[in-house]
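Residue numbers (numbering that gives the first Met the number 0): 0 to 188.
Everything on this sheet refers to the single structure shown next.
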Amino acid sequence: MLAQRATQQSLRRLAAGQPAMISQFVMKRALAPAAVGAFVQTRPVATQKMTAESSYDILAAQRKNRPTSPHLSIYRPQIPWILSMTHRITGAILSGGFYIFGSAYLVAPLFGWHLDSATIAAAFASWPVLLKVATKFTLALPFTFHGFNGIRHLVWDMAKAFKNQTVIKSGWTVVGLAVSSALALAAFF
């Protein structure tokens with residue numbers, strides 16, 4: 000065991016050191032063709048000093064030649080990832096809408112805007128019925144979808160309803176419930 004380690008260390012030192020001219024000649028001309036065959040291709044290794052900017056430029060040029068991932072363009076749209084994207088989008092729309100309206104409501108007196116409830120209700124009452132229903136549906140759909148799909152995600156957080164068919168059925172159920180409840184809110188309230 001000790002002899003093997005000593006041999007390995009000496010071979011590593013020999014390999015790491017600069018080989019002498021005679022050993023290069025012997026290896027290139029005599030031993031390598033006998034060990035590998037008659038045709039041995041050798042080439043010298045050349046390195047050069049580079050700055051960080053030039054190495055980054057080379058890396059950027061190599062990245063331009065890499066193939067891009069096909070991403071969503073090759074996949075057939077499926078209900079789980081469509082509803083996942085829609086859930087995130089409706090969450091961003093709802094929270095962004097709350098922040099924008101809340102900020103506008105706070106600064107309205109400074110600019111002379113009338114964003115109080117009575118003014119908004121009076122302006123909304125003057126619209127045609129079809130426009131009222133369409134506006135209420137447009138505002139209610141993100142709420143209902145995000146609410147029902149949030150419940151679906153809470154069920155998943157309890158590690159339930161993860162089978163593929165269950166996920167698809169619950170997705171279409173969420174879509175149906177969200178649209179029907181948004182229509183009901185828009186038409187009757």
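Quick reminder that beta carbons are idealized off the backbone N, C-alpha and C, glycines included.
Just so you know, these numbers come straight off a predicted model, no measurement behind them.
- Query: Would a C-beta distance cut-off of 9 Å place residue 132 and residue 186 closer than the cut-off?
  - Reply: In the sequence shown, the residue the question calls residue 132 occupies position 133. In the sequence shown, the residue the question calls residue 186 occupies position 187. Cβ distance < 9 Å, so residue 132 and residue 186 count as in contact.
- Start and end residues, alpha helix (DSSP H) containing residue 63: By one-based count along the sequence shown, residue 63 stands at place 64. Unbroken alpha helix (DSSP H) run through residue 63: 51-63.
- Message: Could you compute how far the alpha carbon of residue 49 sits from the alpha carbon of residue 59?
- Response: Counting from 1 along the sequence shown, the entry for residue 49 is found at position 50. Counting from 1 along the sequence shown, the entry for residue 59 is found at position 60. The alpha-carbon atoms of residue 49 and residue 59 are separated by roughly 15 Å.
- Item | Delimiting residues of the alpha helix (DSSP H) encompassing residue 96 | In the sequence shown, counting from the first residue as 1, residue 96 sits at position 97. Counting along the chain, the alpha helix (DSSP H) containing residue 96 begins and ends at 78-110.
- Query: Under 9 Å between the Cβ atoms of residue 263 and residue 161?
  - Reply: Coverage of the chain is limited to positions 0 through 188, which leaves residue 263 absent and any answer about it impossible.
- Message: Let me check understanding here. Comparing Cα to Cα, which of 89, 181 and 77 lies closest to residue 164?
- Response: Here the question's residue 164 lines up with position 165 in the sequence shown. When only C-alpha atoms are compared, the closest one is 77.
- Item | Other residues of its chain near residue 104: CB distance less than 6 Å, five sequence neighbours each side excluded | Looking up residue 104 in the sequence shown gives position 105. Result list for residue 104: 114, in chain order.
- For residue 68, which residues of its own chain have a beta-carbon under 7 Å away from its beta-carbon, when the five flanking residues on both sides are left out? Position 69 of the sequence shown, counting from 1, holds the residue named residue 68. Result list for residue 68: empty, nothing under 7 Å.
- Which of the three DSSP states, helix, strand or coil, is assigned to residue 155? Numbered from 1 along the sequence shown, position 156 holds the residue referred to as residue 155. Looking at residue 155 - three-state DSSP - the assignment turns out to be helix.
- Message: Just to confirm my understanding: we take residue 171, look at its own chain, exclude 5 residues before and 5 after, and list those with CB closer than 7 Å. What are they?
- Response: Here residue 171 refers to the residue found at position 172 when the sequence shown is read from its first residue. Excluding positions up to five away in sequence, the list reads 78.
- Query: When DSSP labels each residue in this structure, what does residue 186 get in the three-state scheme?
  - Reply: Here residue 186 is taken as the residue at index 187 of the sequence shown, counted from 1. Note: residue 186 maps to helix in three-state DSSP.
- Query: If you draw a straight line from the alpha carbon of residue 153 to that of residue 169, how long is it in whole angstroms?
  - Reply: The count along the sequence shown starts at 1 and reaches residue 153 at position 154. The count along the sequence shown starts at 1 and reaches residue 169 at position 170. Looking at the two C-alpha atoms, the distance is approximately 13 Å.
- Query: Taking C-beta to C-beta, are residue 151 and residue 178 nearer than 9 Å?
  - Reply: Locating residue 151 in the sequence shown gives position 152, where the first residue counts as 1. Locating residue 178 in the sequence shown gives position 179, where the first residue counts as 1. No, the Cβ-Cβ distance between residue 151 and residue 178 is not below 9 Å.
- Spatial neighbours of residue 147 within its chain, please: CB distance less than 7 Å, with the 5 preceding and 5 following residues excluded, ordered by chain position. Sequence index remark: in the sequence shown, residue 147 carries index 148 (1-based). 173, 176 and 177.
- Task: Just mark residue 82 as buried or exposed, buried being the case when its beta carbon has 16 or more other beta carbons within 10 Å.
- Result: As a first step, residue 82 must be located in the sequence shown, where it is residue number 83. Classification of residue 82: buried, given that the 10 Å Cβ count is 16 or more.
- Please list, in chain order, all residues of the same chain as residue 166 whose beta carbon is under 6 Å from its beta carbon, the five residues on each side excluded. Position 167 of the sequence shown, counted from the start, is the residue given in the question as residue 166. Hits under 6 Å: 79.
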